[in-house]
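**Q** Here you go, one structure.
Protein chains: 2
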Amino acid sequence: MNQLTLARSSDPSVSVLRSRNRNQPSIKNLEFVGAIQCIGTVMSFAADVEIYGEGEPADYLYKIVSGAVRTYRVLIDGRRQVGGFYLPGDIFGLETGAEHNFSAEAITDSKILVINHGALVARARTDQEVAFHLWSLTGRELRRLQDHLLLLIKNAPERVAAFLLTMAERISVDNSVELPMSRRDIADHLGLTIETVSRSLTQIENTGAVEFPSRRRFVLHDRSALNRLNS
Amino acid sequence: MNQLTLARSSDPSVSVLRSRNRNQPSIKNLEFVGAIQCIGTVMSFAADVEIYGEGEPADYLYKIVSGAVRTYRVLIDGRRQVGGFYLPGDIFGLETGAEHNFSAEAITDSKILVINHGALVARARTDQEVAFHLWSLTGRELRRLQDHLLLLIKNAPERVAAFLLTMAERISVDNSVELPMSRRDIADHLGLTIETVSRSLTQIENTGAVEFPSRRRFVLHDRSALNRLNS
DNA sequence: CGACCATTTGATATGGATCAAGCGATGTGG
DNA sequence: CCACATCGCTTGATCCATATCAAATGGTCG
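In the order they appear, the protein sequences are chains A and B. Under the numbering used here, the first residue of the first sequence carries the number -16, and numbering increases by one thereafter. Under the numbering used here, the first residue of the second sequence carries the number -16, and numbering increases by one thereafter.
What follows is the structure in structure tokens.
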């Protein structure tokens, strides 16, 4: 836990706007965001630091350079829904409304390209390629959420198997996957408890479809077996 | 059950493209879709007729003139997730990808303005207002799904209360709401069984927050009580 | 009127939550 | 360098909300 994290926990309203002043912007940078060439600033966020909060103005969007991010919402009683995990190359925080619907936190120490939303929208006014790209990013996010919705009607081992498959597709290095997120994050993403996630994992491991050499790393042995478990 | 429905159940691949030939296009029509002026055709769909199927080319989008529509996906074992309900004035079937992710069916007999997707996108190339409108429609849908995701971590009475509130906001006529959908549709939307939906409804009715003079109609007596139930 | 179908209500079963304890990796201080 | 505290995770025991199975009700339509 670093200074930033302590600051955040004592004052939940702290946002990227404040964190921004404490982290040093590293590089002023020209970068491609897919087809979009735009100016952004790469910033560093320590693990568990808030990047933006639900309800805050959606003035920026974010592209992960390194690290990992979770977006989430919490109910008053503390139940948390993790909406998604974002990995290097992924873009998050893109909203069409004026405010963010979810909060976002770095999972591990991360470097993130912060892009001015208003400037991009202004550009979209004249550049139809930018406009189309923004639209398709929103569409991709919509599709991801639609798929996730379907996941939530499955049973526990099916949800966990689906999660492993998704992660394998996104970040496997010859079938080996390093998970950046904790069991709690996974549980809150899948709508389960950590105990149920843990039990499902051992259950799946016992089928031989995957193997966990360590808690945060797994090796995919039989993709089709996992696909069968998936539903 | 009419002829169309029977045809559909015997051949699940039947799509709007075929239904289109059987239903009579009613009016060739110039219509506003929000800020978008565009040409579309109003078509009639009988209750339970498929409008489009998951995986079919997303060549059209749809604006409801009258009636109601559900979008849904099914798992191989028959479990169904109803993604959303669409009511007069609502637009559905807008995708950024080439194919529909969900299927869509008329809930009741419906009149629907069918709009050529390609033509609209072509228009968006030159008209930035059209482009922006398409984007914000996708964004609105994304936001709706994000909210629905949060609903799915709540317990049964909370989900049902949230559903009643949403419907009341959308189609109440001085606090009275006529529901177009069955208990099964509601259950599959909320990730519950019809029995649990039914029990939750009677439980909520017993608090006095709402009253059901008939099965498909309810009167909202105490919105804040419902809000409290909601979480 | 009678059949049918959607819905409600009741009884029981069960998957996952909750509560509780154990374990292993990591880090810390003596 | 080892004893020990801590933390994240696993495993075990029990409970409970919701699913499932079954029956009753009531509205609708021929």
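For each residue, glycine too, the CB sits at the ideal point set by N, CA and C. Owing to the predicted nature of the structure, the values given are computational and were not obtained by experimental measurement.
#1: Would you report the Cα separation of V97/B and G23/B, rounded to the nearest angstrom?
#2: Could you spell out the range, first to last residue, of the beta strand (DSSP E) harbouring V200/B?
#3: So G80/A contacts chain B; which residues on that side make the cut at Cβ distance below 7 Å?
#4: Do you know how far the Cα of Y43/A is from the Cα of E178/B?
#5: Starting from V65/B, trace the beta strand (DSSP E) both ways and give me its first and last residue.
#6: Enumerate, from N- to C-terminal direction, the unbroken beta strand (DSSP E) stretches of 3 or more residues contained entirely within the stretch 93 to 146 of chain B.
#7: Based on the DSSP secondary-structure assignment, which residues constitute the bridge partners of T54/B?
#8: Tell me the residue span of the beta strand (DSSP E) that contains V48/B.
#9: Please return the same chain residues whose Cβ sits closer than 6 Å to the Cβ of R63/B, not counting the five positions on each side in sequence.
#10: With a Cβ-Cβ cutoff of 7 Å, do L120/B and L77/B count as a contact?
#11: In whole angstroms, what separates the C-alpha of D157/B from that of E33/B?
#12: When the Cβ atoms of the stretch 126 to 143 of chain B are set against those of the stretch 181 to 196 of chain B, are three or more pairs found closer than 8 Å?
#13: Taking the alpha-carbon of S93/B as reference, which of L212/B, F195/B, S27/B and D205/B has the nearest alpha-carbon?
#14: Straight-line CA distance for A236/B to R206/A?
#15: At the 7 Å Cβ level, is N84/A part of the contact set with chain B, yes or no?
#16: Quick one: using the 10 Å Cβ neighbour count with 16 as the cut-off for buried, is N196/B buried or exposed?
#17: Could you list which residues in chain B have their beta carbon closer than 7 Å to that of R62/A, in chain order?
#18: Could you list which residues in chain B have their beta carbon closer than 8 Å to that of A114/A, in chain order?
#19: Just confirm the distance between the C-beta atoms of L162/A and R199/A, as a whole number of angstroms; I'd bet it's less than 8 Å.
#20: If we call anything under 7 Å between Cβ atoms a contact, is A87/B one with Y35/B?
#21: Secondary structure at I59/A, three-state DSSP: helix, strand or coil?
#22: Quick check on this structure: which residue in A192/A, G67/A and H100/A has the alpha carbon closest to the alpha carbon of N210/A?
#23: Counting only Cβ pairs nearer than 8 Å, list the residues of chain B close to L58/A.
#24: Classify I59/A: buried if its beta carbon has 16 or more other beta carbons within 10 angstroms, exposed otherwise.
#25: Mind checking V109/A: buried by the 16 CB within 10 Å criterion, or exposed?
#26: Are the C-beta atoms of G76/A and some chain B residue less than 7 Å apart?
#27: Would you mind giving the Cβ-Cβ distance between S155/A and R166/A, rounded to the nearest angstrom? I have them listed as a contact below 8 Å.
#28: Can you name the residues that DSSP bridges to S150/A?
#29: How long is the line joining the alpha carbons of T190/B and M164/B, rounded to whole angstroms?
#30: Rounded to whole angstroms, what's the CA-CA distance from G17/A to H116/B? Just pull it up for me.
#31: Let me see if you follow: with CB-CB separation under 7 Å, is G174/B close to chain A or not?
#32: So, with DSSP's three-state summary, where would you put T24/B?
#33: Measure the C-alpha to C-alpha separation of F85/A and G61/B and round it to an integer number of angstroms.
#34: Is there a C-beta anywhere in chain B that falls below 7 Å from the one on Q186/A?
**A** With the given structure in hand:
#1: 5 Å
#2: Per the sequence presented here, residue 200/B reads as Arg, with Val not at that position. First-last of the beta strand (DSSP E) with R200/B: R200 to L203.
#3: G122 and R126
#4: 45 Å
#5: R63 to Y69
#6: 93 to 99
#7: G67/B and A87/B
#8: Y43 to S49
#9: Y55, V57 and D171
#10: yes
#11: 32 Å
#12: yes
#13: S27/B
#14: Outside the displayed span of chain B (-16 to 214) sits residue 236/B, for which this structure offers no information.
#15: yes
#16: Asn is not the amino acid found at residue 196/B; the sequence shown has Pro there. P196/B is exposed by the Cβ-count criterion.
#17: I136
#18: A107, Q111, A114, F115 and W118
#19: 5 Å
#20: yes
#21: coil
#22: A192/A
#23: L133, I136, K137 and S214
#24: exposed
#25: For clarity, residue 109/A is Thr in the given sequence; the question names Val instead. Exposed: under 16 other Cβ atoms inside 10 Å.
#26: no
#27: The Cβ separation is near 19 Å, so there is no contact.
#28: First, the amino acid is wrong: residue 150/A is Met here, not Ser. Its beta-bridge partners do not exist; DSSP assigns none.
#29: 23 Å
#30: With a pLDDT of 49 at G17/A, under the threshold of 50, the modelled position of that residue is not reliable, and the figure given next carries that caveat. G17/A and H116/B: Cα-Cα distance of roughly 22 Å.
#31: yes
#32: strand
#33: 32 Å
#34: no
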